[in-house]
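A.B. asks: Sharing a structure with you now.
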Amino acid sequence: MKPINKTDLELALLECRSAFWSAAGFSMVINILMLAPSLYMLQVYDRVVPTGNQSTLLMLTLILVLLFITMSIMEWVRSQILIRVSARLEIVLNQRVFEVAYKQSLYSGGQRANSQALDDLTALRQFMTGNGLFAFFDAPWLPIYIALMFVFHPLYGWFSVATSILLVILAIANELATAKTLAEANTTAMAGRGLINRHLRNAEVIESMGMLSNVRKRWLETTHKVLILQSTASSRAGLIAAASKVVRLTSQSLILAVGAYLVIEREISPGMMIAGSILLGRALAPIDLMIATWKGFVNARGQYQRLNDVLTQMPAQQEQMRLPPPKGQIRFEEAQVIPPGSKIPALRGISLAIEAGDIVGVIGPSGAGKSTFARAALGIWPAAAGKIRLDGADIVAWNRDELGPYIGYLPQDIELFEGSISENIARFGEVDPEEVIQAAQMADVHDLILRLPEGYDTLIGASGGTLSGGQRQRIGLARALYGNPVLVVLDEPNSNLDEQGELALSNALQRLKQKHTTVILVSHRQTILTKVDKLLVLNDGQLAVYGPKDQVIAHLQKQAQPAINADAARKN
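Those letters in the sequence shown? Residues 3 to 574, per the numbering used here, in order.
Shown next, in the form of structure tokens:
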């Protein structure tokens with residue numbers, strides 16, 4: 003049972019808690035073994051030097067070497083535990099974080115398309131394998147070391163307390179001086195990466211219109227701001243780290259002076275003088291390490307917080323009961339759709355029914371909501387109010403992995419993916435040669451593909467490689483028709499097509515009609531609309547008219563007639 007109010011990241015860490023306890027256990031043994039140098043020096047100065055017993059020196063040295071070997075093995079095992087924990091953390095979360103990054107892009111209309119969540123997970127995993135995390139396991143032993151200093155002598159103990167407080171103050175000062183600046187630098191850097199990624203995707207536009215210098219100037223402004231912030235934080239952190247080092251080195255020398263004074267006063271032995279100095283250095287090491295690696299701590303904290311926030315904002319989708327295969331009936335019930343990143347509805351109060359096997363043309367002026375209607379019918383952009391149903395079920399209630407094979411979609415902007423043409427048509431599932439060829443033939447692109455250097459095995463990039471816009475659009479159409487879908491949505495499918503491509507699209511629509519496939523066709527061109535059964539006219543996000551094609555055309559002509567007569571009267 004899932005614990006209440008626990009995020010996926012917290013649950014993943016809880017799942018690894020036994021490994022953290024093991025690492026803490028090894029840290030306990032390591033820190034106990036860290037006492038060996040102090041005890042060795044204590045015995046050498048107090049037992050070996052006064053007596054000159056070489057056999058005792060040999061045995062003490064052999065024991066020390068054995069303890070050092072044991073300690074190094076323990077440290078290696080601890081590091082391996084944390085490496086495995088970090089790997090386990092990524093294995094548990096990577097699929098979930100990938101889905102979050104995907105949904106961020108989907109629900110933002112591509113405006114937030116980046117891999118920041120995945121980068122944060124990777125960076126957090128890397129931090130867990132670094133030396134900085136060891137300071138957390140070693141720091142709790144500071145009071146024990148200080149207690150041993152009190153055992154040596156109260157003055158030793160109070161000196162250690164004063165030095166530790168001073169280093170803790172420096173650590174807090176490091177946090178106050180750098181945390182806010184580093185967080186701002188990270189935020190600015192992420193915004194800059196998003197900006198440059200968008201610019202790189204539009205390199206042709208930038209190059210053709212000579213915009214490079216202006217674009218580079220904007221990017222450099224962001225980069226300079228990040229550099230200034232990071233330099234400021236690093237400068238402050240470096241100053242505090244230097245002060246910390248001075249305090250630590252000075253304290254280790256001063257404690258020798260304190261020890262020498264106590265030896266002169268015959269309150270401690272010479273061995274305690276040397277052992278106390280070594281013990282103090284070990285006690286202060288975790289604090290010094292924390293200060294030195296504070297930038298890593300701050301970054302890891304920011305990564306943890308961002309991951310936690312994004313996983314909370316986008317909870318995992320619950321398992322849903324499998325629905326029967328759809329037939330292609332679409333129903334809008336007072337649907338209102340708001341595009342991602344906008345507060346204004348692009349569709350308002352849409353109510354209509356598209357029966358299975360209908361071919362519906364969607365027309366209207368620019369900005370009327372045609373592309374929004376296409377996305378809403380597919381469930382890409384869910385309804386903010388009302389319902390959009392596929393075969394009676396809310397479109398968002400369908401499992402997308404199960405629904406996907408029954409859906410075909412050709413967007414305005416054709417995106418092909420890295421891989422072969424056959425893989426693109428087969429949607430990167432298992433390539434069924436017969437179905438791939440069947441889809442290509444339905445889109446009348448089979449012969450075109452065969453003329454390519456490697457045929458269906460021709461490798462293409464995200465932009466389609468050497469393919470023209472029309473060729474990419476026809477391959478995208480074949481991908482939409484792959485697997486005999488029951489619902490096909492085509493958004494401006496003929497925007498890049500020549501006369502031959504238009505004929506191929508017309509033939510594809512005819513074949514879809516024979517297969518009784520539901521088709522939603524968004525287009526400005528009148529020629530392709532001759533193939534539709536019904537027409538849907540949108541105006542300013544609202545349903546203007548919907549019905550059989552001939553009736554809608556007659557209605558539009560009737561509405562347009564008074565304007566035509568008035569225009570003719572003005573000319574006369």
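In this text, a Cβ means the ideal position worked out from N, Cα and C, and glycines have one as well. Quantities reported herein were computed from a predicted structural model and do not represent experimental measurements.
What beta strand (DSSP E) runs, 3 residues minimum, are completely inside the stretch 316-351?
C.D. replies: 332-339
A.B. asks: Would you mind working out which of Ile167, Thr53, Ile423, Lys551 sits nearest Thr468, comparing C-alpha positions?
C.D. replies: Ile423
A.B. asks: Can you check which of these residues, Ile352, Arg333, Gly366, Arg429, is closest to Asp393 by C-alpha distance?
C.D. replies: Arg333
A.B. asks: For Lys4, which residues of its own chain have a beta-carbon under 8 Å away from its beta-carbon, when the five flanking residues on both sides are left out?
C.D. replies: Low per-residue confidence applies at Lys4: pLDDT is 48, beneath 50, and the placement is therefore not dependable, though the value from the model is reported in the following sentence. The answer, listed in chain order, is Leu13.
A.B. asks: Can you list, in chain order, the residues of its chain with a C-beta nearer than 8 Å to that of Gly463? Leave out the 5 residues immediately preceding and following it.
C.D. replies: If we look at Gly463 and ignore the five residues flanking it on each side, its Cβ neighbours are Leu418, Glu420.
A.B. asks: Mind the definition here: the stretch 295-307 touches the stretch 157-170 only if three or more C-beta pairs lie below 8 Å; say whether that holds.
C.D. replies: no
A.B. asks: What first and last residue would you give for the beta strand (DSSP E) that runs through Ile522?
C.D. replies: 520-524
A.B. asks: DSSP has Lys389 in a bridge; who is on the other side?
C.D. replies: Glu335
A.B. asks: Please report the straight-line C-alpha distance between Ile148 and Leu157, rounded to a whole angstrom.
C.D. replies: 11 Å
A.B. asks: If you run the structure through DSSP and keep just helix, strand and coil, what is Ser237?
C.D. replies: Helix at Ser237.
A.B. asks: Could you have a look at Gly371 and say whether DSSP puts it in helix, strand or coil?
C.D. replies: coil
A.B. asks: From the DSSP output, in three-state form, read off Ala141 for me.
C.D. replies: helix
A.B. asks: Is the beta carbon of Asp552 sitting closer than 9 Å to the one on Ser373?
C.D. replies: Against a cut-off of 9 Å, the Cβ pair of Ser373 and Asp552 comes out as no contact.
A.B. asks: Please report how far the alpha carbon of Phe291 lies from the alpha carbon of Gly132, in whole angstroms.
C.D. replies: The question names Phe, yet the displayed sequence has Leu at residue 291. Taking the straight line from one Cα to the other gives about 11 Å.
A.B. asks: Just mark Ile451 as buried or exposed, buried being the case when its beta carbon has 16 or more other beta carbons within 10 Å.
C.D. replies: When all chains shown are included, Ile451 counts as buried.
A.B. asks: For Arg391, collect the residues of the same chain with a Cβ closer than 6 Å to its Cβ; drop the 5 residues on either side in sequence, then sort them by chain order.
C.D. replies: Arg333
A.B. asks: Out of Val102, Glu504, Val228, which has the shortest C-alpha to C-alpha gap to Asp121?
C.D. replies: Val102
A.B. asks: Counting Cβ pairs closer than 8 Å, one from the stretch 492-510 and one from the stretch 327-345, do we hit at least three?
C.D. replies: A contact between stretches requires three or more CB pairs, one per stretch, nearer than 8 Å, and the stretch 492-510 fails this requirement with the stretch 327-345.
A.B. asks: Would you identify the three-state DSSP class for Gln544, choosing helix, strand or coil?
C.D. replies: In the three-state reduction of the DSSP assignment, Gln544 falls in the strand class.
A.B. asks: Flag this pair as yes or no: are the beta carbons of Pro39 and Leu64 separated by less than 9 Å?
C.D. replies: no
A.B. asks: Please determine, among Val228, Met213, Ala173, Leu214, the residue with the shortest C-alpha to C-alpha distance to Ala193.
C.D. replies: Val228
A.B. asks: Three-state secondary structure (DSSP) at Arg536?
C.D. replies: A small correction: the amino acid at residue 536 is Lys; Arg does not occupy that position in the sequence shown. Of the three classes helix, strand and coil, the one that applies to Lys536 here is strand, per DSSP.
A.B. asks: For Ser422, does the three-state DSSP call read helix, strand or coil?
C.D. replies: strand
A.B. asks: Is it the case that the stretch 34-54 contacts the stretch 264-275, given that we only count it when at least three CB pairs across the two stretches are under 8 Å?
C.D. replies: yes
A.B. asks: For Leu69, I'd like the list of residues in its chain whose CB is within less than 6 Å of its CB, leaving aside the five on either flank, ordered along the chain.
C.D. replies: Leu35, Ala38
A.B. asks: How many Å lie between Asn96 and Arg127 at the Cα?
C.D. replies: 11 Å
A.B. asks: With Tyr411 as the anchor, note down where its beta strand (DSSP E) starts and where it stops.
C.D. replies: 409-412
A.B. asks: What does DSSP give as the partner residue(s) for Gly549 in the beta ladder?
C.D. replies: Leu537
A.B. asks: Taking all protein chains shown into account, do 16 or more other C-beta atoms lie within 10 angstroms of the C-beta of Ile257, making it buried, or fewer, making it exposed?
C.D. replies: buried
A.B. asks: If contact is defined by three or more beta carbon pairs under 8 Å, each pair taking one atom from either stretch, is the stretch 234-248 in contact with the stretch 13-29?
C.D. replies: no
A.B. asks: Could you tell me which residues DSSP pairs with Ile356 in its beta bridges?
C.D. replies: Bridge partners of Ile356: Ile332.
A.B. asks: Is DSSP giving Asp449 helix, strand or coil here?
C.D. replies: helix
A.B. asks: Look up Ile416 in the DSSP assignment and say whether it is helix, strand or coil.
C.D. replies: coil
A.B. asks: Decide if Asp360 is buried, meaning its Cβ has at least 16 other Cβ atoms within 10 Å, or exposed.
C.D. replies: buried
A.B. asks: Please list, in chain order, all residues of the same chain as Ile427 whose beta carbon is under 6 Å from its beta carbon, the five residues on each side excluded.
C.D. replies: The beta carbon of Ile427 sits closer than 6 Å to those of Val438, Ala441, Ala480, Arg481, Tyr484, all from its chain and outside the five residues before and after it, given in chain order.
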